[in-house]
Amino acid sequence: MATVLSDVALSYLQAGLSILPCRPDKKPALKTWSEYQKHLPTHEEVRSWFSTNGKSLAVIGGAVSGDLEIIDFDLEAVAFAQWSEFVKAENPGLYSKIVAEESPHGVHVFYRCQQAIPGNTKLAIKTDRKVIIETRGTGGYCLVSPSKGYQLKQGSIEKLPCLSADERALLIDAARACNELLPTTIKGYAEMNDGTLLPGVDFDTRGDVRAILQKHGWKSKGNSQDGRERWQRPGKNDNNHSATLTDGKIFYPFSSNAAPFESQKSYRPFAVYAILEHGGGFSAAAKALAAEGYGTSQTERANTSAGGRKPRFLNGRAMEKEFGKKVEMLWRDGIPKGNPCIFAGPPGIGKTSNVAQISKEITLANFKAWVLWVATEGFVSDHSDKWAKLHIPDRVVMLSDDKGVYKLQLDNWKDREFLDQSISALESETGGKCVAVVIDSIRGMQSMGENDPKLAGVMSAVNSLVCDKHRCACIYIAHHKKGREENRLNRVAGGTGIISSVRAVYTVEKISDLVCRIVPDKSNTLGHQASIYKSVLIETDDGFEISIVKDSDAFDDTQKSKSERFLVSLFREGTEFEAKEIYRRGATEGLSASVLKKAKSNLPIEVINSGVGTPWVWRCSLYNQNSSPSEKSMKIEEKKPNNINERHERHENLEDTPKTPRETRETRETRETRETREGNNCLPRNDSKHFSKLDPINLNLFENTKGNLSKEEVLI
Numbered sequence: 001m002a003t004v005l006s007d008v009a010l011s012y013l014q015a016g017l018s019i020l021p022c023r024p025d026k027k028p029a030l031k032t033w034s035e036y037q038k039h040l041p042t043h044e045e046v047r048s049w050f051s052t053n054g055k056s057l058a059v060i061g062g063a064v065s066g067d068l069e070i071i072d073f074d075l076e077a078v079a080f081a082q083w084s085e086f087v088k089a090e091n092p093g094l095y096s097k098i099v100a101e102e103s104p105h106g107v108h109v110f111y112r113c114q115q116a117i118p119g120n121t122k123l124a125i126k127t128d129r130k131v132i133i134e135t136r137g138t139g140g141y142c143l144v145s146p147s148k149g150y151q152l153k154q155g156s157i158e159k160l161p162c163l164s165a166d167e168r169a170l171l172i173d174a175a176r177a178c179n180e181l182l183p184t185t186i187k188g189y190a191e192m193n194d195g196t197l198l199p200g201v202d203f204d205t206r207g208d209v210r211a212i213l214q215k216h217g218w219k220s221k222g223n224s225q226d227g228r229e230r231w232q233r234p235g236k237n238d239n240n241h242s243a244t245l246t247d248g249k250i251f252y253p254f255s256s257n258a259a260p261f262e263s264q265k266s267y268r269p270f271a272v273y274a275i276l277e278h279g280g281g282f283s284a285a286a287k288a289l290a291a292e293g294y295g296t297s298q299t300e301r302a303n304t305s306a307g308g309r310k311p312r313f314l315n316g317r318a319m320e321k322e323f324g325k326k327v328e329m330l331w332r333d334g335i336p337k338g339n340p341c342i343f344a345g346p347p348g349i350g351k352t353s354n355v356a357q358i359s360k361e362i363t364l365a366n367f368k369a370w371v372l373w374v375a376t377e378g379f380v381s382d383h384s385d386k387w388a389k390l391h392i393p394d395r396v397v398m399l400s401d402d403k404g405v406y407k408l409q410l411d412n413w414k415d416r417e418f419l420d421q422s423i424s425a426l427e428s429e430t431g432g433k434c435v436a437v438v439i440d441s442i443r444g445m446q447s448m449g450e451n452d453p454k455l456a457g458v459m460s461a462v463n464s465l466v467c468d469k470h471r472c473a474c475i476y477i478a479h480h481k482k483g484r485e486e487n488r489l490n491r492v493a494g495g496t497g498i499i500s501s502v503r504a505v506y507t508v509e510k511i512s513d514l515v516c517r518i519v520p521d522k523s524n525t526l527g528h529q530a531s532i533y534k535s536v537l538i539e540t541d542d543g544f545e546i547s548i549v550k551d552s553d554a555f556d557d558t559q560k561s562k563s564e565r566f567l568v569s570l571f572r573e574g575t576e577f578e579a580k581e582i583y584r585r586g587a588t589e590g591l592s593a594s595v596l597k598k599a600k601s602n603l604p605i606e607v608i609n610s611g612v613g614t615p616w617v618w619r620c621s622l623y624n625q626n627s628s629p630s631e632k633s634m635k636i637e638e639k640k641p642n643n644i645n646e647r648h649e650r651h652e653n654l655e656d657t658p659k660t661p662r663e664t665r666e667t668r669e670t671r672e673t674r675e676t677r678e679g680n681n682c683l684p685r686n687d688s689k690h691f692s693k694l695d696p697i698n699l700n701l702f703e704n705t706k707g708n709l710s711k712e713e714v715l716i
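In UniProt numbering, the protein residues as written are 1 to 716.
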């Protein structure tokens, strides 16, 4: 291998590339290598570097290697396919020029350029801030074939192409098009000033930036996989894009040919308006918007909505009278009435369709119930298509104003006030009750998107309006972040602030193309745990139906929680019960022995057995904490050993004495097997008579349990 690397290194040196030996950890195998960023090594140096095995070969970028630049695609080259499509569509001949090799975790693209090459530059970053594309230029280096794990796929490193400045710009723009993380600095007004709602801030909330872009020659090219809109600069006529628009509010041109915008800077709608309509004159733009009715003083707001309020003070009885004694469920055993909840999942998994089906069931169950739908992102025509195919009833309605504006920005007090008036108008005009408001989705409900820390405050304001004032459930639809967090709650985009703003969170997971699972991951309703459901998409002659049924296949904390409540209730009757009695009572509640055992592990329950042939006993100290000193003394006296029959007492108090090595051989598995066997022996002989009053589920549970018994055990 050393001979091969030495020969190839000399060949690269002959082609004008500065060479560098590296260790297995990719770090230079030289104490210092800065001199080789300025001049090429000698043939003798290269031979000595690679005279022994264990080295890797690298080339140094920049002027020393003839203005060499390498584009490094990392993280298993997740963005290489998108980059390649962009380049091929723009300039197919250029793609065939480049030299490419596979690396252990990605792809390297090599070329020289007719202009000076800058230093290493990050071009594309994922939302979790991991770099997916960057360059290796002046001052940087890159491992190359035939180092271990590197394999040449296209072209020859000894014959690198020399690209024009425009050709290089295209490759760099294509890489920046793969960027997922927006810059933190965004041009345009953002804050309130001196108690006045500035025209620019108001336009950021209500203005139509798409219309401005189209007016000046920009073209919409659809949405990318992550939901961002793709926009093409004026003068281009292919399928590529030059900028992205996130949530309709953050315009990000990455192309170096996107004048008058600067490349790699983000712009709010007001900044886009000022640059395109007023040549970058922000003051002139603000005056023009004010003349169109944008911008309102805070004084006007106070005079129209906040004046005249008087405080009320409600004790527990008053709140019970106003809100009810306990929280009831709006839909089956999920979605608490008058409370906020979230349905979350990855894009395109069916969150909107499942919530639409749930809305359908809510209105069909109560002829006076109405569900108000608020679109904050996407296209309303998409909702129209889904609702028609799913046969959504007329009492599920989409909110719009008389000007045909559907989308609300709920961080704006005007839009919240409009929502308030709309709920009241819906009820007064129909004579019905608005029982739920659907916000689709959290991502678009405010101007800065779901990652803005102020979003939790906006949700709190919406919850106060929808849930407290109007007694409606507020159903938010939320997206998942990219990546795969083990805890499903951590997958919800926007962080803990969003999760803390609601009472319940339901995760929509995809099982197959037609089946989803709806899992309750959070419930702050005391003593309540919702079921897990499956939703099945069924094609009909005139559309589709979604059938939502309980998921009987998955064991989840739902059954475990039910078992825990059963045990807590049971031990109110006494501190000790034989295992077989617990199993018998549990079976009447639809709880199997295995589920009860899992539940007891979270409770202060100890399992006791006095010896072979004696029954297993469960002892619980939940209700034994407030015994008087005299009662405790009596219990201690009862436990004192009796000298007349020490051996018998030793068996009786097995749990209170140290275990010998022989005694500890009985594993937990053995104990639980014996415990289950003896519990099964307690089942009555007349099975059908004993279970005649049980529902079919409990009867099946008994039949399944009985099937695990031996012939002799069934006859006992």
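We put the beta carbon where it would ideally sit given N, CA and C, even for glycine.
The beta-bridge partner set that DSSP reports for alanine 15 is empty. Pairing alanine 593 with serine 563 gives a Cβ-Cβ distance that is not under 8 Å.
For tyrosine 36, there is no enclosing beta strand (DSSP E), as DSSP marks it with neither H nor E.
Within a 10 Å sphere around the beta-carbon of arginine 23 sit fewer than 16 other beta-carbons, which makes this residue exposed. Taking glycine 217 as the centre and dropping the five residues before and after it, the same chain places the C-beta of Pro234 closer than 7 Å to its C-beta, in chain order. The bridge partners DSSP lists for arginine 136 are Ile70. Taken atom to atom, the span from the alpha-carbon of lysine 326 to that of serine 381 is near 39 Å. According to DSSP, cysteine 113 shares a beta bridge with Leu163. Secondary structure at valine 405: coil, using DSSP grouped into helix, strand and coil. Distance from the Cα of tryptophan 49 is smallest, within the candidate group Ile60, Arg488 and Leu10, for Leu10. With fewer than three CB-CB distances shorter than 8 Å, the region 138 to 157 does not count as touching the region 78 to 91. For glycine 431 and glutamate 450, the gap between their C-alpha atoms comes out near 35 Å. Note: cysteine 620 is bridge-paired with Ile605 in the DSSP secondary-structure output. For valine 437, the three-state secondary structure derived from DSSP is strand.
Annotation for tyrosine 95: the continuous alpha helix (DSSP H) segment containing it runs 92 to 97. With a threshold of 16 other beta carbon atoms within 10 Å, isoleucine 132 meets it and is buried. Distance between valine 458 and leucine 410, taken at the CA atoms: about 7 Å.
If you ignore the 5 residues before and after alanine 165, its C-beta comes within less than 8 Å of the C-beta of Cys113, Gln114 and Gln115, all in its own chain and listed in chain order.
The three-state secondary structure of glutamate 76, taken from DSSP, is coil.
Across the structure, alanine 318 and glutamate 485 are spaced so that their CA atoms are roughly 43 Å apart. Under the 10 Å beta carbon count, serine 501 is surrounded by 16 or more other beta carbons and is classified as buried. Apart from the 5 residues on each side of it in sequence, valine 515 sits with its Cβ closer than 8 Å to the Cβ of Lys534, Ser535, Val536 and Leu537 in its chain, given in chain order.
Across the structure, glutamate 539 and glycine 350 are spaced so that their CA atoms are roughly 15 Å apart. In this structure, histidine 480 sits away from proline 340, with a CB-CB distance that is not shorter than 8 Å. Spanning the alpha carbons of arginine 443 and valine 209 requires a straight line of approximately 18 Å. Annotation: the region 520 to 588 contains the following complete segments of the beta strand (DSSP E) (minimum length 3 residues), in chain order: 533 to 540, 543 to 550 and 576 to 578. A buried status is given to glutamate 167, since no fewer than 16 other beta-carbon atoms sit within 10 Å of its beta-carbon. Nearest to leucine 570 by C-alpha distance, out of Gly543, Glu545 and Ile605, is Ile605.
Leucine 57 sits close to isoleucine 19, with the two beta carbons spaced by under 8 Å. When the alpha-carbon of alanine 174 is set against those of Val355, Gly54 and Leu94, the nearest one is in Leu94.
Counting the other CB atoms within 10 Å of its CB gives phenylalanine 379 a total below 16, which places it among the exposed residues. The three-state secondary structure of histidine 241, taken from DSSP, is coil. In this model, proline 21 and isoleucine 70 are separated by some 18 Å (Cα to Cα).
Of the candidates Ser242, Lys386, Lys407 and Glu427, Glu427 places its Cα closest to the Cα of arginine 395. Pairing alanine 344 with threonine 507 gives a Cβ-Cβ distance under 8 Å. Taking the C-beta atoms as reference points, isoleucine 362 is found no nearer than 8 Å to tryptophan 387.
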